[in-house]
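Heads up, the thing below is written out as structure tokens.
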Amino acid sequence: MGRRWRVLIILLAFSLTPLIVLTPLIYQERWLATGIAVFVVIAALVLAALWGSHSMTRPLQLMVEAIDRLGSGDFSSRMEFATGDERAILARAFNEMVPHLEDRLRIRKALEVAQEVQQNLLPLEVPVLPGFDISATAIYCDETGGDYFDFFPCGKDFDCLGVAIGDVSGHGVPAALLMTTARALLRMRSSQPGSVAEVVTSVNRHLTADTYETSRFMTLLYLNIDQANQSLRWVRAGHEPGIFYDPAVDTFEELLGPGIALGVDKDWHYEESERGGLSTGQIIFLGTDGIWETLNAEGEMFGKDRLYGIIRRKARSTATTIQTAVLEALGDFRGKCDQEDDITMVVIKVE
Numbered sequence: 091m092g093r094r095w096r097v098l099i100i101l102l103a104f105s106l107t108p109l110i111v112l113t114p115l116i117y118q119e120r121w122l123a124t125g126i127a128v129f130v131v132i133a134a135l136v137l138a139a140l141w142g143s144h145s146m147t148r149p150l151q152l153m154v155e156a157i158d159r160l161g162s163g164d165f166s167s168r169m170e171f172a173t174g175d176e177r178a179i180l181a182r183a184f185n186e187m188v189p190h191l192e193d194r195l196r197i198r199k200a201l202e203v204a205q206e207v208q209q210n211l212l213p214l215e216v217p218v219l220p221g222f223d224i225s226a227t228a229i230y231c232d233e234t235g236g237d238y239f240d241f242f243p244c245g246k247d248f249d250c251l252g253v254a255i256g257d258v259s260g261h262g263v264p265a266a267l268l269m270t271t272a273r274a275l276l277r278m279r280s281s282q283p284g285s286v287a288e289v290v291t292s293v294n295r296h297l298t299a300d301t302y303e304t305s306r307f308m309t310l311l312y313l314n315i316d317q318a319n320q321s322l323r324w325v326r327a328g329h330e331p332g333i334f335y336d337p338a339v340d341t342f343e344e345l346l347g348p349g350i351a352l353g354v355d356k357d358w359h360y361e362e363s364e365r366g367g368l369s370t371g372q373i374i375f376l377g378t379d380g381i382w383e384t385l386n387a388e389g390e391m392f393g394k395d396r397l398y399g400i401i402r403r404k405a406r407s408t409a410t411t412i413q414t415a416v417l418e419a420l421g422d423f424r425g426k427c428d429q430e431d432d433i434t435m436v437v438i439k440v441e
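The sequence shown begins at 91 in this note's numbering and counts up one residue at a time.
Written as structure tokens, this is what we have:
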């Protein structure tokens, strides 16, 4: 700023000097007075310009500083100025946004923790049952979900394996909480004596006490694999039937059975179904509706026919290969559309 003043004074001096030297004294005085007046006006304009520029840029500078502090994680950052124009409106909106943003990030972190906890509740590895190749996975559409699968070794010599797959109504944290409760009840009850039907009936009675006034429920398919007798026993509690494929005769069969969803009627008594004569190469596929109800960009469902086709084509492959093929087909079918429902499956192949 000092340099600007010096330049201004020199220019005025040079412009006035010839007039002062070449004119009579009276005119010199007039020119001098005029020059001083011009100088004062110009100086005032410069000062006004500088002040206006500062008053315009200072709020913008404060905005940038506040945004930088927020970007570095400082949620106490605020825009503190009052200009009475659009900048003040922007500052007020920023100040109102920051607490909401902090709350959303806090919720996001809580959901990430919940997701980690729920993933750890699912089996980290598939138990080994001689004579059977097993693979399983659950992929949630939100941070947390209501789909569920689990395994329960049973029998005196652990020659039986209980397999559970379920789907809680809704998504998100409420569904995840109900799923966690059902998991605990199933694990507790399956470790005690009783048939498959007795296990599910007992779990339903306890779960209904927690869900009766919430209108929430959970579908479940509880399957018991008996290695010694090469047979299956299962209970359907409102869940989609399991799929049984026999490549020797190229036929698909649904593992049907009566039963309503858990959490609806505490006095319901479930019935078990049975199938024997398991032989090498047969495949049991348990899944949730997020598989066949997957939508593409045209609103078309993936459907069970496509699933049957994958199982048929991959019948000679391992259970893990079949599972991977299904997931890849779902991804290709969905394209750029978002996953709208949880996807869970258990693939069991008789060796």
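Positions of the beta carbon are idealized from the N, C-alpha and C atoms, including for glycine.
All values reported here derive from a predicted model rather than from experimental measurement.
DSSP state of Thr408, grouped into three classes? coil
Does the beta carbon of Leu345 come closer than 7 Å to any beta carbon on chain B? In the structure shown, chain B cannot be found, because there is only a single protein chain.
Closest to Gly161 by C-alpha separation, out of Glu192, Glu418, Arg273, would be which residue? Glu192
Rounded to the nearest angstrom, what separates Leu322 and Pro337 at their Cα positions? 18 Å
Along the chain, where does the alpha helix (DSSP H) containing Ala265 start, and where does it finish? 262 to 280
Under the three-state DSSP convention, the category Val111 falls into: Because the pLDDT of Val111 is 48, which lies under 50, any placement of that residue in the model is unreliable, and the number read from its coordinates should be weighed accordingly. Three-state result, Val111: helix.
Note the first and the last residue of the continuous alpha helix (DSSP H) segment covering Lys394. 393 to 403
Are at least three pairs of beta-carbons, each pair with one atom in the stretch 352 to 369 and one in the stretch 379 to 391, less than 8 Å apart? no
Shortest alpha-carbon distance to Leu345 belongs to which of Glu330, Ile157, Leu352, Trp358? Glu330
Measure how close the beta-carbons of Cys250 and Asp316 come, nearest whole angstrom, since I'm counting them as under 8 Å. 5 Å
Report the option in His359, Val416, Pro189 whose CA atom is closest to the CA atom of Phe375. Val416
At the level of alpha carbons, what is the spacing between Gly221 and Gly284? 25 Å
DSSP three-state label for Gly142, please. With a pLDDT of only 49 at Gly142, under the threshold of 50, the placement of this residue in the model should not be trusted, and no figure is reported.
Mind reading off the beta-carbon distance from Tyr360 to Val290? Whole number of angstroms is fine, and I expect it under 8 Å. 5 Å
Going by beta carbon distance, what residues of the same chain come within less than 6 Å of Ala318, once the five residues before and after it are set aside? Asp249
C-beta atoms of Thr434 and Ala287 nearer than 7 Å: no
What residues in its chain sit with their C-beta under 6 Å from that of Val293, if we drop five residues either side in the sequence? Leu275, Leu276, Arg279
Exposed or buried, which one is Tyr238 when buried takes at least 16 other CB atoms within 10 Å? buried
Of all the alpha helix (DSSP H) runs that stay within the bounds of the stretch 269 to 354, which reach a length of 4 or more residues? 286 to 301
Return the chain-ordered list of same chain residues with a C-beta closer than 6 Å to the C-beta of Arg159, the five sequence neighbours on each side being excluded. Ser167
Contacting residues, own chain, Cβ-Cβ under 7 Å from Asp357 (five flanking each side not counted): none
Please classify Lys439: does DSSP put it in a helix, a strand, or coil? strand
Let me know the secondary structure DSSP gives Leu214 once reduced to three states. coil
When DSSP labels each residue in this structure, what does Thr434 get in the three-state scheme? strand
Can you give me the Cβ contacts of Gln429 inside the same chain, cut-off strictly under 6 Å, excluding the 5 residues immediately before and after it? Cys231
With burial defined as no fewer than 16 other Cβ atoms inside 10 Å of the residue's Cβ, what is the status of Asp432: buried or exposed? buried
Member of Pro213, Ala351, Phe165, Leu214 whose CA lies at the smallest distance from the CA of Arg194: Phe165
On the three-state DSSP scale, how would you describe Thr384? coil
State the start and end residues of the unbroken beta strand (DSSP E) segment that holds Leu250. The amino acid at residue 250 is misidentified as Leu; the sequence shows Cys. That run of the beta strand (DSSP E) goes 250 to 258.
Verify whether the separation of the beta carbon atoms of Gly328 and Thr309 is less than 7 Å. yes
Rank Met153, Leu385, Ser281, Thr410 by C-alpha distance to the C-alpha of Gly245 and give the top, closest one. Ser281
When the Cα atoms are used, what is the spatial distance from Leu297 to Thr378? 20 Å
Return the residue from the list Gln151, Tyr335, Leu385, Gln320 that minimises the CA-CA distance to Cys427. Leu385
Straight-line gap, Gly425 to Glu383 (C-alpha atoms, nearest Å): 14 Å
Using a 10 Å radius around the Cβ and a threshold of 16 neighbouring Cβ atoms, would you call Gln372 buried or exposed? buried
Suppose you measure from the CA of Trp324 to the CA of Leu313; what does that come to, to the nearest Å? 4 Å
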